[in-house]
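A.B. asks: Quick note, my numbering runs 3 ahead of the 1-based positions in the sequence shown. Note that CB positions come from ideal geometry on N, CA and C, so glycine has one too. Keep in mind it's a predicted model, so treat the numbers as computed, not measured. I have a structure here, written as structure tokens, and I will follow up with some questions on it.
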Amino acid sequence: MTWIDQTQKTPPYGLQRAWQILRVPGFRDPQTQGILCILGAVALLSLSDAIVKAQDGSVGLGQLLFLRSGFALVIIFIAAFLSGRLSALWPQNAKAVAVRSLCLGGMWLSYYASLPLLPLPVAAAGFYTSPFFMALFTVLLTREKVGANRWLIVLCGIGGVLLMLRPTESEIPWPIGLAVLAAALYALAALVTRGGCRHESVWSLAFCLNWVLVLLGAGLSAGLWAFPPPDTWQDAAPFLLTGWRQVDGPTLLLMLGLGVLLALICGGVAKAYQSAPAPVVGVFDNFYVIFAGFWAVVLFSQQFELLDYAAIAIISLSGGLAAFSRGSASGRKL
């Protein structure tokens, strides 16, 4: 029995229309749900990353990971308690969930270490080489066949990334390697999510990931406290090498807001990779570059050239190709 049947009332037109849309068979298709989840997640993720890049240096990377994920853990626990799903916080396949969480933890460390050293769209472009790694790891690790259409979509997205970087015009900055490392770790996490965590609840995936991030943040902060780096190192990379600091009320509120965003992002990404093939979700991950470009203009007043807009258009085209290159319903091949 649906909600409409239970109430025996006609809901407002807006709710009725939304309900009708969600009942369209295409929206119940797992691949479509995965695409919608990843689009929402990367929109929130780009906002969160822009806020991290724009923050005034009041916290270092380790402290940020600890506080943000600490708040996210509390939010996830309360939400699970209120919805009667506390048991869903414990993973069924603890080994696979642990591997996934460690990969994503390494991804956060690598990508956030690159953020202060690169413009946001450039860091995003380096990170969104992930569809290439996803397709490559799919072939090497799972022996799954990747069709020509899927490779075409991946290459289209990579072409947009390269156009954003334009390596022939200037030397590629070394921190881009950190973003590419984050991309490879993200691709591994995506395959683990689909292969070993497919039947895990979104609750357990988000909860365990944030526990790992809390531990990584605490470990990094403790290491910097026990073995403080030279001042010259800290001046060169203050966000990465700054230890624990006393924070004020506004900073705690900022960390709380980032924790809320992270809780939503973790759930959205986990659901996306459970619902759709990793290379498909990886292509729509590229839309992060578009959102990052938007925040670069709004928050950092960055100016784009014509080629930058062309790169964004190519990345968008790759997403469109994925949407319209569906195979048969039985095979779900792209």
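Compare the C-alpha of R197 against each of N213, K274, S224 and Q305 and name the closest.
C.D. replies: Here residue 197 refers to the residue found at position 194 when the sequence shown is read from its first residue. Closest by alpha carbon: K274.
A.B. asks: Identify every run of the alpha helix (DSSP H) within the region 19 to 102, keeping only runs that are complete inside it and at least 4 residues long; order them along the chain.
C.D. replies: Whole alpha helix (DSSP H) segments, 4+ residues: 28 to 31, 33 to 57 and 64 to 85.
A.B. asks: Measuring only the C-alpha atoms, how far is G252 from T132?
C.D. replies: What you label residue 252 is simply residue 249 of the sequence shown in a count that begins at 1. What you label residue 132 is simply residue 129 of the sequence shown in a count that begins at 1. Cα-Cα distance, rounded: 38 angstroms.
A.B. asks: For G199, which residues from the same chain have a beta carbon less than 6 angstroms from its beta carbon, with the 5 sequence-adjacent residues on both sides left out?
C.D. replies: Along the sequence shown, read from residue 1 onward, the residue named residue 199 stands at position 196. Within the same chain, G199 has close Cβ partners N96 and A99.
A.B. asks: Run the CB neighbour count on L18, radius 10 Å, all protein chains shown included, and call it buried at 16 or more, exposed below.
C.D. replies: Taking the first residue of the sequence shown as position 1, residue 18 is located at position 15. The pLDDT assigned to L18 is 36, lower than 50, so where the model puts this residue is not dependable, and the model offers no usable value.
A.B. asks: Could you tell me which whole alpha helix (DSSP H) segments of length 4 or greater appear in the region 184 to 259?
C.D. replies: Listed in chain order, the complete alpha helix (DSSP H) runs (minimum 4 residues) inside the region 184 to 259 are 205 to 229, 234 to 239 and 241 to 244.
A.B. asks: Can you give the beta carbon distance from V183 to G246, rounded, assuming they're within the 8 angstroms contact cut?
C.D. replies: Translated into positions along the sequence shown, residue 183 becomes position 180. Translated into positions along the sequence shown, residue 246 becomes position 243. About 27 angstroms; that fails the 8 angstroms criterion.
A.B. asks: Determine the extent of the alpha helix (DSSP H) in which N289 is found, giving its start and end residues.
C.D. replies: On the sequence shown, residue 289 is found 286 positions in, with the first residue counted as 1. Segment: none, N289 is in no alpha helix (DSSP H) and carries neither H nor E.
A.B. asks: Return the first residue and the last residue of the alpha helix (DSSP H) that S133 is part of.
C.D. replies: Against the sequence shown, residue 133 aligns to sequence position 130. Where S133 is concerned, the enclosing alpha helix (DSSP H) stretches over S133 to T145.
A.B. asks: Assuming contact is defined by CB atoms lying nearer than 8 angstroms, are W206 and I78 in contact in what I supplied?
C.D. replies: As a first step, residue 206 must be located in the sequence shown, where it is residue number 203. As a first step, residue 78 must be located in the sequence shown, where it is residue number 75. The answer is no: Cβ separation not under 8 angstroms.
A.B. asks: Three-state secondary structure (DSSP) at F303?
C.D. replies: Your numbering for residue 303 matches position 300 in the sequence shown. Residue state, collapsed to three classes: helix.
A.B. asks: Which of helix, strand or coil does DSSP assign to W177?
C.D. replies: As a first step, residue 177 must be located in the sequence shown, where it is residue number 174. The answer is coil: DSSP assigns W177 none of H, G, I, E or B.
A.B. asks: According to DSSP, is G150 part of a helix, a strand, or is it coil?
C.D. replies: Within the sequence shown, numbered from 1, the residue matching residue 150 stands at position 147. Here G150 sits in coil by DSSP.
A.B. asks: Out of curiosity, what's the CA-to-CA distance linking I317 and L309?
C.D. replies: Counting from one through the sequence shown, the residue named residue 317 turns up at place 314. Counting from one through the sequence shown, the residue named residue 309 turns up at place 306. Taking the straight line from one Cα to the other gives about 13 angstroms.
A.B. asks: Alpha carbon to alpha carbon, how far is L123 from L259?
C.D. replies: Stepping through the sequence shown from its first residue, residue 123 is reached at position 120. Stepping through the sequence shown from its first residue, residue 259 is reached at position 256. Near 22 angstroms, if we compare the C-alpha coordinates of L259 and L123.
A.B. asks: Enumerate in chain order the residues of its own chain whose CB-to-CB distance from A126 is below 6 angstroms, with the five nearest sequence positions on each side excluded.
C.D. replies: Stepping through the sequence shown from its first residue, residue 126 is reached at position 123. Contacts found: S117, L118 and A182.
A.B. asks: Can you check whether the CB of G163 is closer than 8 angstroms to the CB of A314?
C.D. replies: Start at 1 with the first residue of the sequence shown, and residue 314 comes out as number 311. Start at 1 with the first residue of the sequence shown, and residue 163 comes out as number 160. Closer than 8 angstroms, so yes.
A.B. asks: Out of I268, W236 and P134, state which residue places its alpha-carbon closest to the alpha-carbon of A209.
C.D. replies: Numbered from 1 along the sequence shown, position 206 holds the residue referred to as residue 209. It is I268 whose Cα lies nearest to the Cα of A209.
A.B. asks: Could you round the C-beta distance between F136 and A186 to whole angstroms and report it? I think they count as a contact, below 8 angstroms.
C.D. replies: Counting from one through the sequence shown, the residue named residue 136 turns up at place 133. Counting from one through the sequence shown, the residue named residue 186 turns up at place 183. Their Cβ separation, rounded to whole angstroms, is 6 angstroms, which keeps F136 and A186 in contact under 8 angstroms.
A.B. asks: Would you kindly report the start and end of the unbroken alpha helix (DSSP H) that includes P122?
C.D. replies: Locating residue 122 in the sequence shown gives position 119, where the first residue counts as 1. Counting along the chain, P122 falls outside any alpha helix (DSSP H), and DSSP gives it neither H nor E.
A.B. asks: Any idea what DSSP makes of A314, helix, strand or coil?
C.D. replies: What you label residue 314 is simply residue 311 of the sequence shown in a count that begins at 1. Reduced to three states, the DSSP call for A314 is helix.
A.B. asks: Could you tell me whether the region 286 to 298 touches the region 44 to 52, where touching means 3 or more Cβ pairs closer than 8 angstroms?
C.D. replies: The region 286 to 298 vs the region 44 to 52: in contact.
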